[in-house]
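2 protein chains.
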Amino acid sequence: MVEHQPLHIAVIDLGSNTARLVVMHAIPGYSYRLQDEIREVVRLRQGMTEAGLGEAAEARGYSTLRLFKRFCESNGVHLVLPTATSAVREAANGKAFVERVARELGIALRVLTGQEEAYYGVLGVLNEVPIREGYVLDIGGGSAQLSEVCDGEFVQGEALTLGALALTERFIRHDPIRPAEFDAVRAEIERQLDTLPWAKPGAGLTLVGIGGTIRNLAAMEAARQAYPLNTLHGFSLSKASVEKSIQIFRELPLEKRQKLSGLHKDRADIILPGAVVVLAVMERLAVEAVTISISGLREGVFLEKFWRHLPYPVIPDVRRFSVLNMARNYGYQKNHANHVRFLALRIFDQLAPLHGYGPRERELLDAAAMLHDLGSIIGYEDHDKHSQTLIEFNGLAGYSPREIAIIALLTRYHRKGFPSLEGYKAVLDKQDKPLLERLAAILRLSEFLERGRNATVDDVTVTWNKDRLRITLIADEYPAVELWQAQRHALDLMAEAFKREIVLDSLAPPGDWSA
Amino acid sequence: MVEHQPLHIAVIDLGSNTARLVVMHAIPGYSYRLQDEIREVVRLRQGMTEAGLGEAAEARGYSTLRLFKRFCESNGVHLVLPTATSAVREAANGKAFVERVARELGIALRVLTGQEEAYYGVLGVLNEVPIREGYVLDIGGGSAQLSEVCDGEFVQGEALTLGALALTERFIRHDPIRPAEFDAVRAEIERQLDTLPWAKPGAGLTLVGIGGTIRNLAAMEAARQAYPLNTLHGFSLSKASVEKSIQIFRELPLEKRQKLSGLHKDRADIILPGAVVVLAVMERLAVEAVTISISGLREGVFLEKFWRHLPYPVIPDVRRFSVLNMARNYGYQKNHANHVRFLALRIFDQLAPLHGYGPRERELLDAAAMLHDLGSIIGYEDHDKHSQTLIEFNGLAGYSPREIAIIALLTRYHRKGFPSLEGYKAVLDKQDKPLLERLAAILRLSEFLERGRNATVDDVTVTWNKDRLRITLIADEYPAVELWQAQRHALDLMAEAFKREIVLDSLAPPGDWSA
C-alpha cells in the first residue's frame, strides 16, 4: 500500500462565548480525523460596548490566541487556519484587535463576515449530512446563522445577533426567566427572522442544526429515550422535544438546570434563548424536526482546505467516503475487506428474488463488509463486538441513526451469535429484524468464504428451490479452509434467515481427486 | 522510531478434546499479540482402544491438521510450531499417525512427553503470573499436568490421565452423575495424585490454574460476583467457589448445565470431573485459592521461541514488559508517555511524606502514565474512557485484578472527572479511594504539565506547609501552555487529594519579562 504522510492542520475558532482549537490529522484526499482539541471559555462579548470589546474580554481573547499559537508550535502543527466570528466582527475596535494579534502574535486572524460564517457552517454540514434542498441553522454564542441550501450547495446565509449568550445578556435578568423577559426574547427573534424573506416553508426541505445549543438539546432528548448510539450524528430532534426542554428551562433555576442529564454544565445559564431560536425557526419553516450535524464551522474551514482540489469542497457521495475514511483511520485490511464485500454483494444480488431488498439495503451490507474487522485494532478476541463499538462511537457521515445501528450490528454478528435488536428500540423496529438476520447471514457466509484471507474463492453461485438453497463456490483451487469454516460457522444463520436447508459445494475438486 | 518487521508465528495444539491453531503477531523481543485463532473440537480420544486412536477420531485429527496447514499457507504464516499431547502420546498407533502426518502433510508434529507438556504450560504461566514457589495445574481433555515451580523456574511436572474428557468417558454413564460414579472419579483422582509425592503443602506457595475447565469455573464465579474486568487474568478462584460449582454440576442435568452463565456450552458435558480435580489438588496442597492464568501450553511453546535469546525463556519482570507490550501494540507516543511518567514519579516521590505510599503504588502510577493515552487509537474524543476499556479488556500480565482496575481507572481520570469506585466493589475497597484520588491527581497534573507534548517542563519541585502546596516548574522556556492547562484542569483534584490550596509557578519568566 502507498505510504501516506499525515499533516496536522489546526483551525482556530475565536467565538463570542468560546474559543476553540481543533487539530485534524489529515492525509490529503485520503482520510482525516480529530487529533486534539482545546476549548477555552473567553466570553469575548462580556462587557462589549459601542467602544467595542471590553478590556478584560480582549485580554482573555488575546492570551488565549497566544496560547493556541504556542500549542500549535509545540505540537508540530503544519498549518493553522485562524478565524474569528461575530464578537470581533461586530466590535468597533475589532479591526484594531486583529491588527494587534497580527503584529504581536503573527497570527493572521481571519474575521468571517456573516455570510462567510454561514457558508463554512454549511460546508461542514454538507460533508456530513447530505441535503439537496433545505436550511442550516447554526446557533453560536454571539450570532446565529441561518442558511439556505439548494441542489446540494450553499446559496445564501445571514448571521443574526441571536446567539445564546447575546440574547441572554440583552434580555434575561432573572433566574428562572420571567414571562415578560421570555416574551421579549421571543419577539426579538421573530423581528430578526423577519429580515430573512427567503426563510420560508417548502416541500420536502430538510433543516439541519449545528452548534452547542442544538447538540445539547439533542443530548437531553437522547438521554430521555435511552438512545443506543454514542454519537448524535444524524439525530432527529422533534419540535415537541424542543418545546418540552424550553418548558423545563423556564421552570427550573440555574443550579437545577445544571443537573439536567445531557445538558453541559457551563451552558445551562444561556441555553434557553438558544432553544427558543430553534423553535422559532422550526415554526417559520414549518418543519417537525431538525437533524443534528456534528460538523460545522470549524470542519467547514478545514474541509475547504482538505478538498481544495475539488471544484466545490463537498464530497458528492458522503456515505461512500465516510465508510472508507473510518476503515482507513483504523488501518483496515483492504484486500480482505474488498473481497468479503465482493462476495457479499454477489450473494445479495442473486438472492434478491428471495429477500426483495433494494439499493439502500445493499449499501448497508457493503458498508458492513468494509468495516467488519475494524475491531481487531483493539484485539482479536471479541473483535466483532469491538467493531460494533467503534461504529457506534464514531457514527458514519451520511447514514441515519437507524442505518448506523444496522451496520454496527452487522459487524457485531459477522462471525457468531444470533442477531438481536435488544437495546435498540429507539432507532430500530421489528421489521428490521429479518433484514438484520438476512444481511448478517450473507456477511457471515462471505467472511468465512474468505477465511483464508487470500481470495481463494473467486465467485459464488446461489440457486434454490422451496426447500433447499445451494451455494456453489468457484475457486482457483479446492477451497478447503473456506468450505470447512463456512460449514462450521455460517450455514445455521443462512438456513434460519432464508428458511431453507443449505448445501455448500465447490466446482474445484479436492486435491486427492485423482485417487 | 525503529521500523519493526512483524512475524506471524503459529502454534498448533492437537489436544484430546480440542485442536487449536493460534497465530501470534510477533516483533522479536519487542511485542506480541494474538492475531488469529481457530478451534476445532476433534475429540481425538473418542473410541480410543488398546489398538490406539479410533479410525473416525484419527480422520478428524488428520483433516484438521491438513486444514490448519492450508490456513497457515494462505495467511502467510512465517513459522509453524505443531504439537500434540496426551491422546497421540498415549495411543498405541500414535507414532504411525505422526509418521503419516509428516509424510502426507509435511507437518513435523512434535508429540510432547508428559514432562514437556507440563513444562510448556508452566512457561506460559511464568510469563503471565510471576510465581517464586508453587504449583501449576493444567487440566486438558485427556490429561492434567501438575508441575512444581521453585525459585521462579520449572523443576518438575507430570501428566496424569485426569483430563475432563478422559475421566468423563471412563466413569460417568448417567446424567446427572450418580453418587457412586462421583465417588469413583474422586477415588481415581486421589489414586493418581498419590503418585506425585512432591505435591504437598508448603509455606506461602501459589497455585496457578490453566486450561478451559479452570477458566470456565472462574468465569462462573466472575458472573456470580459482577466482576468488573473483561479478562480473567489473575482472577482468584476460591475453594468454596469450586465446591459450590461442583454441587451445581452434580444436581443439574446437562441441558440445564449448558445454560449456566460463564460455562461454555460445549464444555458443560465434561466439566464436572475437571472441577473435582481442581478441588482435590487444592485440598492436597492445602491452598484456599487458585489463580487463573490465560496463558498456558500454546503460549509457552510460542514464548520459548520468542525468548530463545534469553538464558531462560521467562521475563524477569513480567509487569514491566506487559505494560510496554500493550503500549507498543497500540502504537503509543513514546516520548510523551515517558515524560508524563517522569514528571508523575518526580511528584510522587517528593510527596511521599504526605501520601506515605511505597514502591507498589509508585509502580501503578508508572504503568498508568505509560498507558494513559492508549485510547486515542479509538478516537480523541473520550480517549480517557477508551484507555480504561482497553486495559480492562486486555488485563496486564503480572498485575492483580485490583492493580489492573486501579491502573485502568487512573487512565480513565487522567484528564477530567472525579474518581469513583462505582462498579468495582468486587476488586476494590474503600481504602483504595484515597489512593486512586491521589495518584489520579498526580497523573493529571503531569499530563497537563506535558500538554505541549514537547517536554517543555524539565522538572518539578513540590513544597508544602499545612495549608498550601506549591508546585514550581523548571522549564527551558516559560511553559505558558502547561501553566494555563494545568491551572484550568489539574489543580482542583490536587487540592482535593492533598487537602491544600495549590499554587503553581515557574522559574522561567514570561516572554515579556523585559517589559
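Those sequence lines, one after another, are chains A and B. Taken in order, the first sequence gives residues 1 to 515; the numbers are from our numbering. Taken in order, the second sequence gives residues 1001 to 1515; the numbers are from our numbering. Note that beta-carbon positions come from the ideal geometry of N, C-alpha and C, so glycine has one too.
Nearest to B/V1011 by CA position, among B/R1186, B/N1017, B/D1036, is which residue? Nearest C-alpha to B/V1011: B/D1036.
Alpha carbon to alpha carbon, what distance is there between B/G1094 and B/R1020? In a straight line, the C-alpha of B/R1020 is about 19 Å away from that of B/G1094.
Would you give the residue range spanned by the alpha helix (DSSP H) that B/R1284 belongs to? Note, B/R1284: alpha helix (DSSP H), 1271-1285.
Going by DSSP, what residue range makes up the alpha helix (DSSP H) through A/T213? 212-224 is the span of the alpha helix (DSSP H), which, as asked, contains A/T213.
Taking all protein chains shown into account, do 16 or more other C-beta atoms lie within 10 angstroms of the C-beta of A/G29, making it buried, or fewer, making it exposed? It counts as exposed.
Does chain B have any CB closer than 8 Å to the CB of A/S74? Taking 8 Å as the threshold, the shortest C-beta distance from A/S74 to chain B falls below it.
Residues within the region 1374-1388 of chain B neighbouring chain A, beta-carbon criterion of under 9 Å: Result list: S1376, I1377, I1378, G1379, Y1380, E1381, D1382, H1386.
Short of 6 Å in beta carbon distance, which residues of its chain neighbour B/A1337, apart from the five on each side in sequence? Order them along the chain. Contacts found: M1370.
According to DSSP, is A/Q247 helix, strand or coil? DSSP places A/Q247 within a helical segment (H, G or I) once states are collapsed to three.
Give a single yes or no on whether B/L1469 has its beta carbon closer than 7 Å to a heavy atom of the ligand PLP. Inclusion of the ligand PLP in the displayed structure is not the case, the ligand content being empty and no account of it being possible.
Drop a sphere of 10 angstroms on the beta-carbon of A/R444, count the other beta-carbons inside from all chains shown, and report buried for 16 or more, exposed for fewer. Its Cβ being crowded by 16 or more others within 10 Å, A/R444 is buried.
Whole angstroms are fine: how far does the CA of B/I1248 sit from the CA of B/K1268? For the record, residue 1268 of chain B in the displayed sequence is Ala; it is not Lys. Taking the straight line joining both Cα atoms gives about 11 Å.
Quick one: using the 10 Å Cβ neighbour count with 16 as the cut-off for buried, is B/H1004 buried or exposed? Label assigned to B/H1004: exposed.
Is the beta carbon of B/T1168 sitting closer than 8 Å to the one on B/P1273? Contact flag set, yes.
What are the start and end residues of the beta strand (DSSP E) that includes B/I1009? Residues 1007-1014.
Since A/N335 meets chain B, which of its residues come closer than 7 Å, beta carbon to beta carbon? Residues of chain B passing the Cβ test: none, with the nearest at roughly 12 Å.
CB A/G134 to CB A/G163, shorter than 8 Å? Taking 8 Å as the Cβ cut-off, A/G134 and A/G163 do not qualify as a contacting pair.
Please check if any C-beta of chain B sits within less than 8 Å of the C-beta of A/F71. Taking Cβ atoms only, chain B reaches closer than 8 Å to A/F71, which makes this a yes.
Name the residue from A/L67, A/F302, A/R470, A/T291 whose alpha carbon lies nearest to the alpha carbon of A/V136. Nearest to A/V136 by alpha-carbon distance, out of A/L67, A/F302, A/R470, A/T291, is A/T291.
Determine whether the Cβ of B/Q1035 lies closer than 8 Å to any Cβ atom of chain A. Yes - at least one Cβ of chain A is within 8 Å of the one on B/Q1035.
So, is A/L351 buried or exposed, given that buried needs 16 or more other C-beta atoms within 10 angstroms? Classification for A/L351: buried.
Classification of B/Q1541 by the beta-carbon crowding that lies within 10 angstroms, buried from 16 upward: Only positions 1001 to 1515 of chain B appear in this structure, which leaves residue 1541 of chain B out of reach.
Checking 8 Å against the spacing of the C-beta atoms, do B/D1384 and B/G1375 come in under that value? B/D1384 is a Cβ neighbour of B/G1375, given a cutoff of 8 Å.
Counting contacts by CB-CB distance shorter than 8 Å, is A/N325 in contact with chain B? With 8 Å as the cut-off, A/N325 does not count as an interface residue toward chain B.
I think A/L449 touches A/A486, with their Cβ atoms under 8 Å apart; what is that distance to the nearest whole Å? With 8 Å as the limit, A/L449 and A/A486 qualify as a contact, their Cβ atoms being about 6 Å apart.
Three-way DSSP call (helix, strand, coil) for B/I1315 in this model: In this structure, DSSP gives B/I1315 a state outside helix and strand, which the three-state scheme calls coil.
Taking CB distances under 8 Å as the criterion, tell me whether A/W307 reaches chain B. False, the Cβ-Cβ gap to chain B never drops below 8 Å.
So for A/D516, helix, strand or coil by DSSP? Lying outside 1 to 515, the shown extent of chain A, residue 516 of chain A is not represented and no answer is given.
Less than 8 Å between the CB atoms is what I'm expecting for A/I139 and A/V242, so what's the real figure, rounded? At roughly 12 Å, the Cβ-Cβ gap does not stay under 8 Å, so A/I139 and A/V242 are not in contact.
Out of B/R1402, B/T1083, B/F1498, state which residue places its alpha-carbon closest to the alpha-carbon of B/P1434. Measuring from the Cα of B/P1434, the nearest candidate turns out to be B/F1498.
Alpha carbons only, please: which of B/G1052, B/L1105, B/R1178, B/F1342 is nearest the one belonging to B/A1092? Taking only the C-alpha atoms, the option nearest B/A1092 is B/G1052.
Interface residues of the region 1452-1474 of chain B facing chain A [CB-CB below 7 Å]: Flagged, chain order: G1452, R1453, N1454, T1456.
Member of B/E1148, B/K1425, B/E1181 whose CA lies at the smallest distance from the CA of B/W1198: It is B/E1148.
Using a threshold of 8 Å, state whether the C-beta atoms of A/L428 and A/R402 are closer than that. Yes.
Mind listing, in chain order, the continuous beta strand (DSSP E) runs of no fewer than 3 residues lying wholly within the region 1399-1473 of chain B? Whole beta strand (DSSP E) segments, 3+ residues: 1457-1464.
Residues of chain A with CB under 9 Å from B/V1077, in chain order? What B/V1077 touches in chain A: nothing, since even the nearest Cβ is about 11 Å away.
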